[in-house]
Amino acid sequence: MTSGDDDIEMKEEEEQMDEVDDEEESDSSSDDDVQGGDDDEDEIPESQRKAYIPGLSRPLKKGEELEFDPDAYRLFHTFNTDWPCLSFDVVKDGLGENRTNYPAECYIVGGTQAEKAKDNEIIIMGLKNLTEMRKPKEGKGDDSDTSEDESEDEDEETIKKREPKMHTVTVPHYGGINRIRSERLGDSTVCACWNDQGRVQVWNITDALNTAHAMSGATQSTEHKIDRPLFTHPGTGKEGYGLAWSPLKKGDLATGDWIRKIFLWQMKEGGQWAVGSTPLTGHKSLSGP
């Protein structure tokens, strides 16, 4: 082969390399276009954004994370208790149905899971001064006539007025509470508790609820001792999590434990309940958490 032929072959190889480089640049540009398109597709219009509800909304994609968006909520506040609560329930407070005015007020009851059995509590919580999420005011820009100092003073005053309040009344309870459910029986408010000692108890929390309702001012807590529960059922001695008041017959309830035994309770006079001596065992699944 002559040197002229070598020059031709080298030139052809260079042209082929140039073509490969052009193709790679084209592919890279296409990839960028695709990625940019994905970003555009992932951008959801503000009018279509909504709260993510586990179990009802679509499953999260791989690597996808939830972000807090205050615009998705009309009301959002956080509160803390001294011990974690595995279960809580909303208490009927007699303040009216379908309330829509703000600031809002509500009452809940929770049962703690403390490290030591003697440290557990039934907690009656009054959540008060619950204000709406603040929306940006239209027309408020950098050219506002209000000075920064005046704005800061107004913000501090507004924030103080909008601070939520948590008024709690604690009732000592021996043992961690697996499940708690409240019910209104006449003029009294009671709660049923499944505890980790294998017992189901019904407590009268009327006075504690009235105390929480009467409290005012800053967030605070007080203890309310109840000598004994209204009623105690030892059950099978096993723990359980199934607990529900009947929506059809006032005062009746059902309990279910880990060994597939469901007991039906019938309310009697004098704050007593008749618990069926023979549990229901026809179902196959456990009454667990």
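Be aware that the sequence shown starts at 1, since it is given in the UniProt record's numbering, and climbs by one per residue.
Even for Gly, the Cβ is constructed at its ideal location relative to N, Cα and C.
Item, Value
"Taking the CB atoms as reference points, tell me whether residue 371 and Gly235 lie closer together than 8 Å.", "Lying before the first or after the last residue shown, residue 371 is absent from the chain, which here runs from 1 to 289."
"When the Cα atoms are used, what is the spatial distance from Phe231 to Gln48?", "50 Å"
"Going by beta carbon distance, what residues of the same chain come within less than 6 Å of Thr190, once the five residues before and after it are set aside?", "The residue you asked about is not Thr; residue 190 is Val in the sequence shown. Within the same chain, Val190 has close Cβ partners Glu183, Val202, Asn204."
"Is the beta carbon of Leu130 less than 8 Å from the beta carbon of Pro172?", "no"
"Let me check one thing: in DSSP terms, what residues is Lys268 bridge-paired to?", "Gln272"
"I'd like to know if the stretch 67-78 and the stretch 86-97 are in contact, where contact means that at least 3 CB-CB pairs between them fall below 8 Å.", "no"
"Which residues in the same chain have their Cβ closer than 6 Å to the Cβ of Ala51, if we skip the five residues on either side of it in sequence?", "Ala72"
"Just tell me which of Gly270, Glu269, Trp258, Arg181 has its CA closest to the CA of Thr281.", "Trp258"
"Sorted by chain position, which residues of the same chain lie with C-beta nearer than 8 Å to Glu269's C-beta, five sequence neighbours on each side aside?", "none"
"Please state whether DSSP places Asp38 in a helix, a strand or coil.", "Residue confidence for Asp38 is low, a pLDDT of 46 falling below 50, so the modelled location carries little weight and cannot support an answer."
"By Cβ distance, which residues of its chain are closer than 6 Å to Gln113, with the 5 residues on each side in sequence left out?", "Pro84, Leu86, Gly176"
"Give a yes or no on whether the C-beta atoms belonging to Gly198 and Glu239 are separated by under 8 Å.", "yes"
"Taking the alpha carbon of Ser277 as the point to measure from, which residue in Trp265, Gly271, His283 has its own alpha carbon closest?", "Trp265"
"Quick one: grab the DSSP three-state call for Ile159.", "helix"
"Can you grab the Cα-Cα spacing for the pair Val109 / Lys249, in whole Å?", "22 Å"
"What is the C-beta distance between His224 and Thr206, in whole angstroms, given that I count them as a contact (C-beta under 8 Å)?", "The pair is not a contact, with the Cβ atoms about 11 Å apart (cut-off 8 Å)."
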